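Mapping of the sequence shown onto our numbering: position 102 corresponds to residue 113, and the numbering continues sequentially without gaps.
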Amino acid sequence: MHVVIEDTQRRQELAAFLRARRIAISPAAAGFPTTGRRRTPGLRREEVAELAEISTTLYTWLEQARPVPISESALTRVAAALACAEEETQLVLTLLSGRGPASAERQDADHAPAGLVNLVALHDPAPAWLIGPQWECFGQNESARLVFGDWGARDLADRGLLTLMFTDPFIRRLFRDWQVQAQRVLAEFRLSTALHSGDAALSTMVNRLLDTSPEFREWWQPYPARTRTEAITTLDHPELGTLVFQHVPLRTQDGSGVRASFLIPADEATTNTLRSTGIRPQITPPRKASPARRRLDTRTEEPHQPRNLTGR
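Here's what the structure looks like:
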């Protein structure tokens with residue numbers, strides 16, 4: 012069955028993805044001769060069409076974001092011709108159908124499941140936090156505030172996960188492998204928000220980063236798209252010293268768009284350091300939803316004061 016992508020934004024996302032992948036492929040690796048002059052890097056459009064067994068006109072129109080009919084099988088062959096990984100192929104098919112894990116009706120982050128909120132709180136003394144549907148960091152346990160700073164004290168526009176990774180000098184210095192982690196976050200963002208690229212808050216965040224971060228501009232154009240899997244990362248904290256964690260992401264399946272991140276101590280030294288902070292798990296009692304954005308807060312009613320860490 013042939014499908015026409017009626018939504019302009021989805022067509023543009025698909026076109027951008029196809030162009031980025033085509034340019035990134037070496038003609039020699041795809042079995043084409045490299046003799047002769049090529050005006051642009053990567054494969055020619057007619058070469059992709061040949062590999063995918065579709066007409067050059069059809070493929071060209073796809074890259075031009077035209078509303079043309081194409082079948083799922085044909086688009087799968089296009090993805091194979093572009094050497095797409097499984098996640099990238101799924102992204103292409105999701106853009107075609109408009110359905111997928113990222114296409115569920117997203118709710119406000121105020122509707123974060125209470126169980127997930129408490130799970131993050133119980134993860135103390137190791138850091139954990141919540142990310143909303145617009146990729147805003149809106150909930151931290153006490154350990155995450157100690158290690159990364161209090162994101163809730165920032166304006167909403169300044170607490171987006173991408174914004175923190177690419178513009179916060181403290182976060183940049185904190186991650187020993189900042190470049191690797193920043194690219195992983197960016198790739199996860201592109202994969203999970205492809206169907207919502209027209210969202211005003213997301214577009215504002217992306218445009219701001221394109222204007223302010225050279226690294227973001229460079230890495231945004233190739234259209235990275237993959238899930239951020241469990242990985243080891245090292246932090247060089249100015250007070251706590253070296254901390255080594257395994258990052259474990261968790262995404263809800265309830266349509267809220269809320270996701271959680273947990274850092275698991277990866278060595279005994281990190282475990283001992285976190286225990287020495289004196290932070291203990293606390294549960295936030297369930298409360299009724301309110302118009303204000305719900306924040307995870309495991310603190311007491313007294314204002315949070317920085318801990319004296321010099322006596323560890």
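We treat Cβ as the ideally placed atom computed from N, Cα and C, and that holds for glycine. Keep in mind the model is a prediction, meaning the values are calculated, not measured.
Here Glu98 carries a helix assignment [DSSP, helix/strand/coil].
With a threshold of 16 other beta carbon atoms within 10 Å, Gln75 falls short and is exposed. According to the DSSP secondary-structure assignment, Ser82 is paired through a beta bridge with His13. With a 10 Å radius around the Cβ and a threshold of 16 neighbouring Cβ atoms, Gln145 comes out buried.
If only uninterrupted alpha helix (DSSP H) runs of at least 4 residues are considered, those enclosed by the segment 117-180 are 125-133, 153-159 and 172-178. Ranked by how close their Cα comes to the Cα of Ala280, the residues Pro260, Phe256 and Leu261 have Phe256 in first place.
Taking the C-beta atoms as reference points, Ala26 is found nearer than 8 Å to Leu73. Around the beta carbon of His134, 16 or more other beta carbons lie within 10 angstroms, which makes this residue buried.
Here the alpha carbons of Val128 and Phe186 stand approximately 25 Å from one another. When rounded, the separation of the alpha-carbon atoms in Glu58 and Phe181 is 46 Å.
Following the DSSP letters along the chain, one finds Asp222 inside the alpha helix (DSSP H) bounded by residues Ala211 to Thr223.
As computed with DSSP, Ile243 is found in a beta bridge with Gln257. Secondary-structure assignment with DSSP links Leu274 through a beta bridge to His258. At the C-beta level, Ala193 and Glu241 stay beyond 8 Å of one another. Counting the other Cβ atoms within 10 Å of the Cβ of Asn152 gives 16 or more, which makes it buried.
The alpha-carbon separation between Phe159 and Gly268 amounts to approximately 23 Å. The beta carbons of Ile36 and Gly53 sit closer together than 8 Å. Here the alpha carbon of Glu64 sits roughly 8 Å from the alpha carbon of Val89. Closest in C-alpha terms to Ala60, from the list Leu261, Gly252 and Leu86, comes Leu86. Residue range Arg56 to Ala63 is occupied by the alpha helix (DSSP H) that includes Ala60. The three-state reading of DSSP puts Phe186 in strand, counting E and B together. Going by C-alpha positions, Leu172 is about 22 Å away from Glu99. Following the DSSP letters along the chain, one finds Ser287 inside the alpha helix (DSSP H) bounded by residues Glu279 to Ser287.
The C-beta distance from Ala205 to Leu102 rounds to 6 Å, short enough to fall under 8 Å. Our two residues, Phe43 and Arg55, have alpha carbons roughly 10 Å apart in a direct line. In this structure, Ala94 keeps its C-beta atom at 8 Å or more from the C-beta atom of Leu274. One Cα belongs to Ser108, the other to Val79, and the distance between them is close to 13 Å. At the C-beta level, Leu213 and Ala236 stay beyond 8 Å of one another.
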